[in-house]
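**Q** The structure follows.
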Amino acid sequence: MATMTAAETGQSRLRPSKPTGFLSWVATTDHKRIGILYFWTVLVFFFIGGVESSLMRAQLAQAELSLITPEIYNQMFTMHGITMVFLVVMPFAAAFFNYLLPLMIGARDVAFPRLNAFSYWFYLFGGIFLYSSFFLGGAPNGSWVGYAPLSSDAVSNMAFYAVGLQILGVSSLASAVNFIVTILNMRAPGMTFMRMPMMVWMALTTSFLLLFAVPIIAVALFMLQFDAVFDAQFFQPASGGDPILYQHLFWLFGHPEVYIMILPAMGIVSEVMPTFSRKPLFGYAAMAFAGAAIGFIGFGVWAHHMFTSAIGPVPRAAFAVATMFIAVPTGIKIFNWVFTMWGGRIRFTTAMLFSVGFVSMFTIGGLSGVVHSIVPHNAQQHDTYFVVAHFHYVLFGGALFGLISGVYYWYPKVTGRLMSEKLGKFHFWTWLLGFNLTFGPMHMSGLLGQPRRTSVLPGELGTTVETYNLLSSLGVIVLAVSASVFLYNLLRSMKHGEASGDDPWDARTIEWMTATPPKVHNFDVIPVITARDEFWHRKYAESDQHIPVAVPVGASVDHDEHDGDVGHIHMPDPSLWPAIHTLGVMPLGYGLVYANWLLIGIGLVWMVAGVFGWIIEPLAEGDDDEPALVGAATH
Amino acid sequence: MTAVAHSTTMGLDNRKLGMWVFLASEFLFFGAFMSAYLLYIDTTNRGPGIEIFDIPFTSVSSFVLLMSSLTMVLAHNSHLRGDMRRMRLWVLATAGQGMVFLGGQVYEFTVFFREGLDLTQSPFASSFYFLAGFHGAHVAIGVLLLLGLYSLSLTGKIKPGQDVKTEIIGLYWHFVDIIWVILFTVVYLIPELRV
Numbered sequence: 021m022a023t024m025t026a027a028e029t030g031q032s033r034l035r036p037s038k039p040t041g042f043l044s045w046v047a048t049t050d051h052k053r054i055g056i057l058y059f060w061t062v063l064v065f066f067f068i069g070g071v072e073s074s075l076m077r078a079q080l081a082q083a084e085l086s087l088i089t090p091e092i093y094n095q096m097f098t099m100h101g102i103t104m105v106f107l108v109v110m111p112f113a114a115a116f117f118n119y120l121l122p123l124m125i126g127a128r129d130v131a132f133p134r135l136n137a138f139s140y141w142f143y144l145f146g147g148i149f150l151y152s153s154f155f156l157g158g159a160p161n162g163s164w165v166g167y168a169p170l171s172s173d174a175v176s177n178m179a180f181y182a183v184g185l186q187i188l189g190v191s192s193l194a195s196a197v198n199f200i201v202t203i204l205n206m207r208a209p210g211m212t213f214m215r216m217p218m219m220v221w222m223a224l225t226t227s228f229l230l231l232f233a234v235p236i237i238a239v240a241l242f243m244l245q246f247d248a249v250f251d252a253q254f255f256q257p258a259s260g261g262d263p264i265l266y267q268h269l270f271w272l273f274g275h276p277e278v279y280i281m282i283l284p285a286m287g288i289v290s291e292v293m294p295t296f297s298r299k300p301l302f303g304y305a306a307m308a309f310a311g312a313a314i315g316f317i318g319f320g321v322w323a324h325h326m327f328t329s330a331i332g333p334v335p336r337a338a339f340a341v342a343t344m345f346i347a348v349p350t351g352i353k354i355f356n357w358v359f360t361m362w363g364g365r366i367r368f369t370t371a372m373l374f375s376v377g378f379v380s381m382f383t384i385g386g387l388s389g390v391v392h393s394i395v396p397h398n399a400q401q402h403d404t405y406f407v408v409a410h411f412h413y414v415l416f417g418g419a420l421f422g423l424i425s426g427v428y429y430w431y432p433k434v435t436g437r438l439m440s441e442k443l444g445k446f447h448f449w450t451w452l453l454g455f456n457l458t459f460g461p462m463h464m465s466g467l468l469g470q471p472r473r474t475s476v477l478p479g480e481l482g483t484t485v486e487t488y489n490l491l492s493s494l495g496v497i498v499l500a501v502s503a504s505v506f507l508y509n510l511l512r513s514m515k516h517g518e519a520s521g522d523d524p525w526d527a528r529t530i531e532w533m534t535a536t537p538p539k540v541h542n543f544d545v546i547p548v549i550t551a552r553d554e555f556w557h558r559k560y561a562e563s564d565q566h567i568p569v570a571v572p573v574g575a576s577v578d579h580d581e582h583d584g585d586v587g588h589i590h591m592p593d594p595s596l597w598p599a600i601h602t603l604g605v606m607p608l609g610y611g612l613v614y615a616n617w618l619l620i621g622i623g624l625v626w627m628v629a630g631v632f633g634w635i636i637e638p639l640a641e642g643d644d645d646e647p648a649l650v651g652a653a654t655h
Numbered sequence: 197m198t199a200v201a202h203s204t205t206m207g208l209d210n211r212k213l214g215m216w217v218f219l220a221s222e223f224l225f226f227g228a229f230m231s232a233y234l235l236y237i238d239t240t241n242r243g244p245g246i247e248i249f250d251i252p253f254t255s256v257s258s259f260v261l262l263m264s265s266l267t268m269v270l271a272h273n274s275h276l277r278g279d280m281r282r283m284r285l286w287v288l289a290t291a292g293q294g295m296v297f298l299g300g301q302v303y304e305f306t307v308f309f310r311e312g313l314d315l316t317q318s319p320f321a322s323s324f325y326f327l328a329g330f331h332g333a334h335v336a337i338g339v340l341l342l343l344g345l346y347s348l349s350l351t352g353k354i355k356p357g358q359d360v361k362t363e364i365i366g367l368y369w370h371f372v373d374i375i376w377v378i379l380f381t382v383v384y385l386i387p388e389l390r391v
């Protein structure tokens, strides 16, 4: 009977029914598949962003070189920044959240599966849109911060920046709403807030940051774009407009954005470290609240990016204090990771090495961050390579190390195979070496006065600065080799990696409790959660000396071995509508860049039609709140 | 049984919680535009400034928009009772009032434009048109949603038991109203005290 009605009501010409093939990926609403799509797209953009930075480093390897023109150089550093921030680190975190959140909280999918697909397609089309600018008169070249009024100048091509980031913002906002609702509302029975894996806490905090930061950049970008394309007067000093307003709006988004990029990595490290130290996470509650505190204070420090702008002494003092203050919760986290390892039986797998690398490199970056909070010091460093060194230590040494640690840790969960540890360790050590070789010397060359965003290394800075630059450029070669090994390891291990089994790391959290790779519906039976680190407690009891003792196999309940009928599980239907709907953003975007009302009209009508197609699409298994069912549940 | 009425951790329907969360974000959106407007309130670049506002006219259209919240509540209430005919009537009334408000805004913008308040005239003009205009865009989206709700309930796609759909559109509609209350006060009324 059940299959009968499904077949009757689910007939839709636009719904691919095959579980494999190209169309099944376009139409997927499965959070795991969307996570995988995110991951591979991120990897493509990561290598493109790497090529852009290599070009810059080649140009700066020696003083007064002219390998690439200043015009190209400006496009390179702008697109490198935009790519790494908006097309790599943020969606990299989204890839993890998508794949893992439902598994970690014991849900079958996210709250809004089609909206989840919508987020991915907006991300993909936004990235393609941004990169299409290379073929349409040159990429944006006014830096990732896009300060007005320079960026509203017609020659700056920043209209692509304004519209492209707007598209990516919609994607982030939609996934933030989706993840918040999923975490708040779809936890397994017994999964209280204080039993959630730390990764889930960090995902929740990140999503709230996105929720409140994205609308602000949306406003700044609308203003910028209308200044650039439609002659609005928001930031034009000639008519009384105030460029500082743009800086405020940008950094009111831009600083929470920094935490949006780092918190997911902190979540990953907080999962990896306890597993490989065979100890629970030290100071769980402090970790969770420190994350939330970072989220709150993160909205109160933005003007430290503007200490050299005309903001006055009182804001400078206030924001300097707030900036020093935010180092406190960050410090709490760092100490807690160290204490998690302290006294543990540590296994230095590749994943663990990257996590340890995260903590140490991020600490260096964090300390140079505190240096920036000192206003006079800041005036010295502003727009020098010292700043470049600082934020690469936080975003590369921090965020990226953490995220890669997560790749090594959860790769077996996704593929059922382990990545090669030998290649992994080679990757780690070359990565660490190349990273420090590239960005370490920048501290020095920056303090010696090398300005950032300058296409030629000035010869008058002297041979010391030149040597530092050469070292940085050599570091990029090491990183390129290292990244290639990583890519090779990723691809090779999919076919030839050692089979991992369901629980290769002796892990603690419930995503390892289900089959590997997980079935479409994640869990045959939704587990009931009785403890933090639920899976660990199902595997081990504690002896009198507080030493974990394995529970005998027969008594163990560590596996989800329910073989019963799973045909009744109601899973979201695949749908092409999210992809169809979001494609309309392309004509809309080009229309806004070129002030072409026809394209804008086509885009709007397309998207509205897409929404209606989405709404009236029949559901294969009936509506969630069919009258009869709701009646039975509520009355 | 194919589908199970899902129970959620917080006891609140996912879609309703999603709408609440989204609206929280919208406040920041309008907040940022409002701060830009307040910054530029006197930056008129020798063009028209706040004296251009016609308070009595805008008060009338504000009243219409506020009343639409009442009809929205009545629509949801009718849906709850399963009275779809009356629900459709109130939904249509709400959308109609929304359109009256939009018409008023189009008229107002036209008048302002003729009096020399061009988007490209001054930061004041740009920020006024953006703030009021984005609110108007939100009302327009709300009207589209309401008309969608109306037609889908006509075709039987939205059933008497699915009052949560009317409710979340109502949440959005009330939000747009509340924003207008703040906006009308900040943009029109408070500056009026200084004129």
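Quick mapping for you: the protein sequence lines, in order, are chains B and Z. Sequential numbering of the first sequence, starting at 21, is according to our numbering. Sequential numbering of the second sequence, starting at 197, is according to our numbering. Glycine included, C-beta positions come from ideal geometry on N, C-alpha and C.
Beta carbons nearer than 7 Å to chain Z: which residues of the region 190-221 of chain B have them?
**A** Against chain Z - using a Cβ distance shorter than 7 Å - the residues of the region 190-221 of chain B are L193, V197, I200, V201, L204, N205, M206, R207.
**Q** By DSSP's criteria, R437/B is part of a beta bridge. Which residues make up the other side?
**A** Bridge partners of R437/B: A519/B.
**Q** How should V249/Z be labelled, buried or exposed, when 16 other C-beta atoms within 10 angstroms of its C-beta is the threshold for buried?
**A** First, the residue type needs correcting, since residue 249/Z is Phe and not Val in the sequence shown. Looking at its Cβ environment, which holds 16 or more other Cβ atoms inside 10 Å, F249/Z is buried.
**Q** According to DSSP, simplified to helix, strand and coil, what is Y560/B?
**A** In this structure, Y560/B counts as strand in the three-state DSSP scheme.
**Q** For Q245/B, tell me which candidate among V628/B, Y610/B, G633/B has the shortest Cα-Cα distance.
**A** Among V628/B, Y610/B, G633/B, the Cα nearest to that of Q245/B is on Y610/B.
**Q** Enumerated in chain order, which unbroken segments of the alpha helix (DSSP H) with a length of 4 residues or greater are wholly contained in the region 106-152 of chain B?
**A** As far as the region 106-152 of chain B is concerned, its whole alpha helix (DSSP H) runs of at least 4 residues are 110-125, 133-152.
**Q** By the three-class DSSP mapping on this structure, what secondary structure does V190/B have?
**A** The answer is helix: DSSP assigns V190/B an H, G or I state.
**Q** Comparing alpha-carbon positions, which option in A347/B, G41/B, F232/B lies nearest A194/B?
**A** Nearest of A347/B, G41/B, F232/B to A194/B, Cα basis: F232/B.
**Q** Could you check how far apart the C-beta atoms of P537/B and S44/B are, in whole angstroms? I think they sit under 8 Å.
**A** Going by Cβ atoms, the distance from P537/B to S44/B rounds to 16 Å, so no, they are not a contact pair.
**Q** For chain Z, find out if any of its Cβ atoms is closer than 8 Å to the Cβ of D251/B; answer yes or no.
**A** Chain Z contact via Cβ: present.
**Q** Judging by CA-CA distance, which residue of Q95/B, L63/B, M214/B, G189/B is the nearest neighbour of D553/B?
**A** The shortest C-alpha separation from D553/B is found at M214/B.
**Q** P349/B bridges to which residues according to DSSP?
**A** In DSSP, P349/B forms no bridge with anything.
**Q** DSSP beta-bridge partners for T404/B?
**A** According to DSSP, T404/B bridges with P471/B.
**Q** Would you be able to state if there are at least three C-beta pairs under 8 Å between the region 62-69 of chain B and the region 124-133 of chain B?
**A** With a cut-off of 8 Å, the region 62-69 of chain B and the region 124-133 of chain B do not count as touching, because too few Cβ pairs lie within range.
**Q** With a threshold of 8 Å between beta carbons, is V234/B in contact with chain Z?
**A** Chain Z contact via Cβ: present.
**Q** Against chain Z, which members of the region 260-278 of chain B pass a CB distance test of less than 7 Å?
**A** Residues passing the 7 Å Cβ filter: G260, G261, D262, L265, L269.
**Q** Between T196/Z and chain B, is there a C-beta pair that is closer than 8 Å?
**A** Residue 196/Z lies beyond the residue range present for chain Z, which begins at 197 and ends at 391; the question has no answer from this structure.
**Q** Going along the chain, which unbroken runs of the alpha helix (DSSP H) with 4 or more residues stay wholly within the region 244-287 of chain Z?
**A** Those alpha helix (DSSP H) runs which fall completely within the region 244-287 of chain Z and span 4+ residues are 251-276.
**Q** Under a three-way DSSP split, which group does A570/B fall into?
**A** Note: A570/B maps to strand in three-state DSSP.
**Q** Residues of chain B with a CB under 7 Å from the CB of T381/Z: which are they?
**A** Those do not exist, as T381/Z stays about 20 Å from chain B at its closest Cβ, beyond 7 Å.
**Q** Would you kindly check if the distance between the Cβ of W322/B and the Cβ of H275/B is under 8 Å?
**A** A contact, by the Cβ cut-off of 8 Å.
**Q** Confirm, please, whether the CB-CB distance from T370/B to G14/B is below 8 Å.
**A** The shown model of chain B, from 21 to 655, leaves out residue 14/B, and the question about it has no answer.
**Q** Spell out whether any CB of chain Z is found under 8 Å from the CB atom of I636/B.
**A** True, the Cβ-Cβ gap to chain Z drops below 8 Å.
**Q** Residues of the region 343-357 of chain Z in Cβ contact with chain B at a cutoff of 9 Å, in chain order, please.
**A** Within the region 343-357 of chain Z, the residues whose Cβ lies closer than 9 Å to some Cβ of chain B are G344, L348, T351, K353, K355, P356, G357, listed in chain order.
**Q** Given that V239/B touches chain Z, what residues does it touch there, using C-beta distances under 8 Å?
**A** In chain order: F225, A228, F229, A232.
**Q** Can L135/B and N198/B be called in contact, C-beta distance under 8 Å?
**A** Cβ atoms of L135/B and N198/B: closer than 8 Å.
**Q** Where do the ends of the alpha helix (DSSP H) carrying N94/B lie?
**A** Element bounds for N94/B: 90-102.
**Q** By the criterion of Cβ-Cβ separation under 8 Å, what are the contact partners of F632/B in chain Z?
**A** Residues of chain Z passing the Cβ test: G344.
**Q** Under 7 Å Cβ-Cβ, which residues of chain B neighbour R217/Z?
**A** Just to set this straight, residue 217/Z is Val in the shown sequence, not Arg. Near V217/Z (Cβ distances below 7 Å), the residues of chain B are V197, I200, V201, L231.
**Q** Does the Cβ of V605/B have 16 or more other Cβ atoms within 10 Å, making it buried, or fewer, making it exposed?
**A** By the neighbour-count rule (16 or more Cβ atoms within 10 Å), V605/B is buried.
**Q** Answer with buried or exposed for Y488/B, where buried requires no fewer than 16 other C-beta atoms within 10 angstroms of its C-beta.
**A** With 16 or more other Cβ atoms within 10 Å, it is buried.
**Q** Tell me whether the beta-carbon of T602/B lies closer than 8 Å to the beta-carbon of F228/B.
**A** No, these two residues do not count as a Cβ contact at 8 Å.
**Q** Should A168/B be flagged as near chain Z, meaning a C-beta pair shorter than 8 Å?
**A** False, the Cβ-Cβ gap to chain Z never drops below 8 Å.
**Q** Does the beta carbon of T306/Z sit closer than 8 Å to a beta carbon anywhere in chain B?
**A** No, its Cβ sits nowhere closer than 8 Å to a Cβ of chain B.
**Q** How about the region 494-505 of chain B and the region 469-486 of chain B: do they share at least three Cβ pairs that are nearer than 8 Å?
**A** No contact exists between the region 494-505 of chain B and the region 469-486 of chain B.
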